[in-house]
Amino acid sequence: MERETVPSSSEKLRRSDLEEDVKIIEWEEFDHELTRLWSLSSALKLATEKKLTLQPKLESLIQVSADSLRRINELEEMRQRLEARKMLVDKTSAACKVTEQDVKVKEDSLSAEVRSLLVGGTTLSIAKSKLQESNCQLEGESGYTNLKIVTNKLRKRQQYMVSQVSFIYPLKIVAGPSQDQELESLPGGSRLGTKPVSQGSVRILGLPFSMAPFTKMSFFTDKKEVQKSATALGYVAHAVSLLAPYLGVPIRYPLRLGGSKTYIRDYAPYLEPSSSDMSAISTLSNSKFVEFPLFLDGQDTTRAAYAVFLLNKNIEQLLNFVGENSLGPRQVLANLKELIRIIQSPDYIHS
1 MERETVPSSS EKLRRSDLEE DVKIIEWEEF DHELTRLWSL SSALKLATEK KLTLQPKLES
61 LIQVSADSLR RINELEEMRQ RLEARKMLVD KTSAACKVTE QDVKVKEDSL SAEVRSLLVG
121 GTTLSIAKSK LQESNCQLEG ESGYTNLKIV TNKLRKRQQY MVSQVSFIYP LKIVAGPSQD
181 QELESLPGGS RLGTKPVSQG SVRILGLPFS MAPFTKMSFF TDKKEVQKSA TALGYVAHAV
241 SLLAPYLGVP IRYPLRLGGS KTYIRDYAPY LEPSSSDMSA ISTLSNSKFV EFPLFLDGQD
301 TTRAAYAVFL LNKNIEQLLN FVGENSLGPR QVLANLKELI RIIQSPDYIH S
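If you read the sequence shown in my numbering, its first letter stands for residue 1, the second for the next number, and so on.
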C-alpha cells in the first residue's frame with residue numbers, strides 16, 4: 001500500500017491564498033463581468049498609449065533639466081574662476097601700485113644723483129680748467145716766479161699765525177743760570193752726560209718748567225712747583241697743537257688737551273703700559289695707543305718724564321721741518337722758543 005504524502009504548512013497557505021483569489025462568478029453575472037473586464041482592458045490600453053506618448057516628452061524634459069543643471073554647474077565654476085581672477089587682479093594691482101611708488105622714489109633719487117653728478121661734473125671741469133691754468137703758470141721761469149710769490153705769501157701767513165700763538169703764549173728768558181740739567185737719555189735709561197742749559201731760564205706765560213720733579217719725586221718736592229710745571233706743559237702742548245697745522249705738519253704723537261691735565265699718545269710705546277700709571281689703552285680705527293700724562297700723577301715719575309720726552313719729540317719734528325735741530329731731548333721751552341724765533345725771522349720767508 002502506497003504511503004500518502006502529508007502536505008506541508010506552506011503548501012496549505014498557498015492553496016488558501018489561491019482559493020481566496022479565485023472568484024466564483026455566477027452565469028447570470030458573467031456578461032456583466034466580461035463587459036467590465038473589457039472596459040478595464042480598454043482603459044489600460046489607453047493609459048499605456050498615453051504613457052508611450054508622454055514618455056518622449058518626459059525624457060526631453062529630463063534632458064533639458066539635466067542640461068540646465070549642467071550649465072548651472074558650469075556657470076558656478078566659471079563664477080568661482082572669475083572671483084579667483086578678480087582677486088589675482090586686485091593683488092597684481094596693489095603690487096603694481098607699490099612698484100610704481102618705488103619707481104617714483106627711485107626716479108626722484110636718480111634725479112637728485114644726476115643733478116649732483118652734473119654739479120660735480122661742472123665743478124670738475126672748473127677745477128680742471130684752473131689746474132691747466134696753474135700748470136701754464138708754473139711752466140718756465142714765470143711759473144717759478146709765481147711759485148716763489150705764492151710760497152712767500154704762505155710763509156708770511158705762517159709768520160702771522162705763529163706771531164698770534166707767540167702773543168697768546170709768550171716765551172721769555174729770565175736772567176740767571178738755570179738749576180736744571182737735562183739727561184741725554186730716554187726715561188729710565190742711564191745718564192750719558194749732562195750739559196748746562198743756556199744762561200737764563202725760559203718761561204711761558206711767566207711759568208717756569210723744571211725737570212727736577214719729573215726725574216725724582218720726594219716728600220720734600222714742592223707741590224706748587226709740580227703744579228706750575230704741569231700748567232706750563234699744558235700751555236706748550238696747546239701751542240704745539242696750534243703750530244703743527246699752521247705749518248702743515250702732522251705731529252707724530254697726538255695730544256689730548258686738558259690744560260694742566262693734558263695727555264700725549266704713543267702708538268708704539270717705549271715703555272710697557274700699566275693700568276695704574278697711564279690713563280687708558282684705547283682703540284681707534286683698529287690701532288691701539290697708550291696715553292701718557294704730562295703731569296705727575298702719583299709717586300712714579302717715569303711715565304710723566306716719558307710724556308715730556310714725547311712732547312719734545314713733537315717740537316723737534318717741527319724744528320726739523322723748518323731745517324733746524326733740537327737743542328736737546330729735555331729742552332722743551334727752549335726748543336719751542338727757538339722754533340718760534342726761526343719762523344718769525346726774515347730769513348724764513350726766503351728759505
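C-beta atoms are modelled at their ideal positions from N, C-alpha and C, and glycine is treated no differently.
Shown here, residue 149 sits in a helix according to DSSP, grouped into three states. Contact annotation, residue 303 with residue 211: C-beta distance approximately 14 Å; criterion of less than 8 Å not satisfied. Every candidate alpha helix (DSSP H) stretch fails here, since none sits fully inside the segment 63 to 124 while reaching 4 residues. In this structure residue 171 is not in contact with residue 319, their Cβ atoms being roughly 14 Å apart against a cut-off of 8 Å. About 19 Å separates the beta carbons of residue 246 and residue 264, which is beyond the 8 Å limit, so they are not a contact pair. Between residue 266 and residue 290 the beta-carbon gap is near 5 Å, inside 8 Å, which marks them as a contact. Under the three-state reduction of DSSP output, residue 263 falls in the strand class. Counting the other Cβ atoms within 10 Å of the Cβ of residue 209 gives 16 or more, which makes it buried.
The continuous beta strand (DSSP E) containing residue 174 extends over residues 171 to 174. When secondary structure is reduced to three states using DSSP, residue 255 falls in the strand class.
Here residue 158 really is in contact with residue 343; their C-beta atoms are around 6 Å apart, less than 8 Å.
Burial of residue 312 is indicated by the presence of at least 16 other C-beta atoms within 10 angstroms of its C-beta. The beta carbons of residue 238 and residue 207 sit no closer together than 8 Å. Check the Cα spacing between residue 173 and each of 41, 201, 146: the tightest is with 201.
Residue 81 and residue 109 have their C-alpha atoms roughly 41 Å apart.
When the Cα atoms are used, residue 293 and residue 345 turn out to be separated by approximately 33 Å.
As for any beta strand (DSSP E) of minimum length 3 sitting wholly inside the segment 284 to 330, the runs are 287 to 293, ordered along the chain. Cβ contact annotation for residue 269 (same chain, cutoff 7 Å, sequence separation greater than five): 290, in chain order.
Under DSSP, residue 205 takes part in no beta bridge, so it has no partner. Spanning the alpha carbons of residue 228 and residue 205 requires a straight line of approximately 11 Å. Look at residue 234 here: in three-state DSSP terms it is helix.
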